[in-house]
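Structure first, commentary second.
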Amino acid sequence: MVIASPSGGGKTVVRSGLLKLNKKFAFSVTCTTRPKRPGEVNGKDYYFVTVEQFKRLRRDGKLLEWARVHGNYYGTPVKSAVDVLEKGRIPVMTIDVKGARSVKRIFPEAVTVFLLPPDLKTLVQRLRGRGEAPENVAVRLETARSEIKVASTFDYLVINDKLAETVREVAAIAELETRKIGRNLDKVRAFGSQLAKRKTF
Ligand code: ADP
Ligand code: 5GP
4 MVIASPSGGG KTVVRSGLLK LNKKFAFSVT CTTRPKRPGE VNGKDYYFVT
54 VEQFKRLRRD GKLLEWARVH GNYYGTPVKS AVDVLEKGRI PVMTIDVKGA
104 RSVKRIFPEA VTVFLLPPDL KTLVQRLRGR GEAPENVAVR LETARSEIKV
154 ASTFDYLVIN DKLAETVREV AAIAELETRK IGRNLDKVRA FGSQLAKRKT
204 F
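In my numbering, each residue carries its 1-based index in the sequence shown increased by 3.
Following this line, the structure appears as structure tokens:
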């Protein structure tokens, strides 16, 4: 499940909520060249890498997608998503809008959710509340202009008003998506072959 939004839209807190709500969600850790913020843990919040390491990963085809956001490189290691899938869990990718579109292009079956706050005033309050300096708020809002232009390419829109409700809605989308017939044809076929083998009823 790919969750994108303008910066401050709530990706990080919605992701935490999903992971707490249900063990089937697992964070697919991404890598970044930006410096670690206080409290962040390498391997848990991000894999913190140098620009050289990042470029090597990219060159060696180890990244599912990558983007440059606010001057730093970010990328999703293929292994990070595959490890989660192999454990039978749903990878939660909280990445920027461009990255989300790249994932969708490569894996059309990926579910993409676009988060928006109820209005611009709320977004500004949340960015300020997170401690962003005024110039950072301005840069993020400027970027948001281009990000919302591509929102129509996402599968779902969720308005992040009350956090608990947002988390429930995103979880419900994930749940419903697992019921798509195209994702369950093996079960249909298994039932069909039982029917075929049965001579009498
Ligand atoms: P993103 O990861 O998309 O940049 P965050 O998850 O960091 O956004 O959210 C930005 C700020 O807004 C954080 O301080 C977060 O706690 C707050 N926030 C996000 N969603 C809500 C919500 N529904 N209600 C109240 N505060 C929220
Ligand atoms: P931050 O530096 O605030 O943690 O993240 C900045 C932006 O980069 C956020 O929009 C975040 O979701 C995005 N981001 C984080 N990891 C990745 C990634 O692997 N790929 C892409 N494309 N964006 C990412």
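For every residue, glycine included, the Cβ atom is placed at its ideal position computed from N, Cα and C.
At the level of alpha carbons, what is the spacing between residue i and residue j?
i: A84; j: V106; result: 11 Å
i: G195; j: F110; result: 28 Å
i: P41; j: A147; result: 25 Å
i: R59; j: I98; result: 20 Å
i: K190; j: Q197; result: 11 Å
i: T15; j: D158; result: 19 Å
i: R104; j: T156; result: 8 Å
i: V173; j: T203; result: 45 Å
i: M96; j: D122; result: 24 Å
i: E150; j: L188; result: 35 Å
i: E68; j: E112; result: 16 Å
i: F51; j: V114; result: 26 Å
i: N75; j: V142; result: 14 Å
i: K65; j: K82; result: 8 Å
i: A167; j: R201; result: 48 Å
i: L179; j: M4; result: 12 Å
i: K165; j: A199; result: 50 Å
i: V100; j: V87; result: 22 Å
i: T53; j: P38; result: 9 Å
i: R131; j: P9; result: 14 Å
i: H73; j: R108; result: 23 Å
Looking only at DSSP bridge pairs, what is residue i linked to?
i: F204; result: Paired residues: none, contrary to the question.
i: A103; result: None; A103 has no bridge partner.
i: L66; result: P80
i: L119; result: I162
i: P94; result: A29
i: V5; result: M96 and T115
i: R71; result: Y76
Considering only their Cβ atoms, is the gap separating residue j from residue i smaller than 8 Å?
i: F117; j: A70; result: no
i: V17; j: T181; result: no
i: G102; j: T79; result: yes
i: K90; j: A29; result: yes
i: R171; j: G11; result: no
i: G13; j: P120; result: yes
i: K2; j: R92; result: Within the shown structure, residues of the chain are numbered from 4 to 204, placing residue 2 beyond reach of any answer.
With a threshold of 8 Å between beta-carbons, can residue i be considered close to chain C, or not?
i: D122; result: The structure shown contains no chain C; it is built from a single protein chain.
Three or more C-beta pairs closer than 8 Å, one from the region 48 to 63 and one from the region 27 to 36: is that the case here? yes
Where in the region 14 to 39 do unbroken runs of the alpha helix (DSSP H), each at least 4 residues long, occur, reported from the N-terminal end onward? 14 to 24
What runs of the beta strand (DSSP E), each 3 residues or longer, lie entirely inside the region 136 to 192? 159 to 162
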